[in-house]
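A.B. asks: Under full-length UniProt numbering, the first residue of the sequence shown carries the number 1, and numbering increases by one thereafter.
Each residue gets a CB set at the ideal place from its N, CA and C atoms; glycine is no exception.
Can you read through this structure? Questions will come right after.
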Amino acid sequence: MEWWKNPYEYEGLEKTLERIQEKKSQLDKHRPIPNYALKSIKESLTLEWTYNSNSIEGNTLTLQETKLILEEGFTIKGKSLREHFEAVNHQDAISYIEELVSKDYVLTEKDILNTHELVLKNIEKDFAGRFRTSGVRIAGANFVPPNALKISDYITELIQWVNDSELDIVITSTLFHHRFVWIHPFFDGNGRTVRLLFNLLLMKEGYPPAIILKNDRKKYYDALNQANNGDYSKLLLIVMQALERSLDIYLGSLNNTYDDYQPISQIVEESKIPYGQEYLSLLARQGKIDAFKEGRNWLTSEEAIWDYIKKRDRNRKLN
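Given below as structure tokens:
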């Protein structure tokens, strides 16, 4: 059975996709987005993207330290030269893929190699922009990546599949994300590279980047391991939550409604919502209510919770 034919549907997927597509439609109504607004949002998300993607891979720079390096050119005492390069390189790689974004863009092997070369620039000169030439093992993973001799064929197959895919781009980019990690085409930098490339696929369709948060690192790796066994549901959920968070940031800034989102604990304390914090957090994690994560806290709105309650009650009457 071809890997892309593994089932990816799960309960709630369709509703979450519809909600994301609706927010994307709302964002499209704002286009062209004024430069002053776009600049501020992009700068904030680029910083978050760099910080979180590097942190997932073990970089110890804080968000503020990353900001000082990228925006002020500071050197952070006690942090390695490699960690400084990782921050600068990732920002350069974001700039590169942003230049590639266009409606008619098709992924190429050259762009994959160029992205990887930027990720490892001044860090791993011998490996940057080159496929691995021997076997590797990944600590904590439930699989062994394929033989190095098969990488070129697997990447060619993956590129053809992703460019021809007729699935929703959110699903396509998520399956691409997993397959790339499974191929593990490089000795180092695979995670950062694939999180850049799968966002390139989303951005060419007009979506903002989906930023997987450092705090979700364990869930993210667990989701990749489940995908190795043919279950994409957890990975799809993580990607959709990350994407919806970015959409909310854009729409909140453009509509001035970002203040409507509050920590779940605050909503429970100040409203007449008939649910507790633990249950609402569960609904947020499962993608059943419109919510996004900031640090360790889930943020949502009273309106989103009441919408869920109304739909639940309506479904119960129908059944």
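May I ask you to list the residues that DSSP assigns as paired with tryptophan 298?
C.D. replies: BP columns for tryptophan 298 point to Lys293.
A.B. asks: Would you kindly check if the distance between the Cβ of lysine 234 and the Cβ of aspartate 222 is under 8 Å?
C.D. replies: Yes, the Cβ-Cβ distance between aspartate 222 and lysine 234 is below 8 Å.
A.B. asks: By Cβ distance below 8 Å, which residues in the same chain neighbour asparagine 52 in space, the five residues on each side in sequence not counted?
C.D. replies: Contacts found: Ile211, Ile212, Leu213 and Lys214.
A.B. asks: Identify the residues that DSSP records as bridge partners of glutamine 262: which are they?
C.D. replies: BP columns for glutamine 262 point to Thr300.
A.B. asks: Going by the CB atoms, is the gap between isoleucine 155 and glutamate 109 shorter than 8 Å?
C.D. replies: A contact, by the Cβ cut-off of 8 Å.
A.B. asks: Leaving out five residues before and five after leucine 27 in sequence, what residues of the same chain have Cβ atoms less than 7 Å from its Cβ?
C.D. replies: Excluding residues within five positions, the ones whose Cβ falls inside 7 Å are Leu247, Tyr250 and Leu251.
A.B. asks: Out of Lys29, Lys79 and Tyr10, which one is the CA nearest neighbour of tyrosine 207?
C.D. replies: Per the Cα distances, Lys29.
A.B. asks: Where does asparagine 59 fall in DSSP's three states?
C.D. replies: In this structure, asparagine 59 counts as coil in the three-state DSSP scheme.
A.B. asks: Going by DSSP, what residue range makes up the alpha helix (DSSP H) through glutamine 26?
C.D. replies: Here the alpha helix (DSSP H) through glutamine 26 covers 13-29.
A.B. asks: List the endpoints of the continuous alpha helix (DSSP H) containing residue 324.
C.D. replies: Residue 324 lies beyond the range of the chain shown here (1 to 319); nothing can be said about it.
A.B. asks: Helix, strand or coil for lysine 272 per DSSP?
C.D. replies: Three-state DSSP puts lysine 272 in coil, outside helix and strand.
A.B. asks: Beta-carbon separation of histidine 84 and phenylalanine 186 under 8 Å?
C.D. replies: Result no, Cβ atoms of histidine 84 and phenylalanine 186 do not sit closer than 8 Å.
A.B. asks: Give every residue of the same chain whose Cβ lies closer than 7 Å to the Cβ of glutamine 91, excluding the five residues on either side of it in the sequence, and list them in chain order.
C.D. replies: For glutamine 91, where only same-chain residues beyond five positions count, the Cβ hits under 7 Å are Thr46, Thr50 and Leu70.
A.B. asks: To the nearest whole angstrom, what separates the beta carbons of isoleucine 289 and leucine 236, a pair I think is in contact under 8 Å?
C.D. replies: 17 Å between Cβ atoms; not a contact.
A.B. asks: Using the three-state DSSP reduction, which class does asparagine 6 fall into: helix, strand or coil?
C.D. replies: Note: asparagine 6 maps to coil in three-state DSSP.
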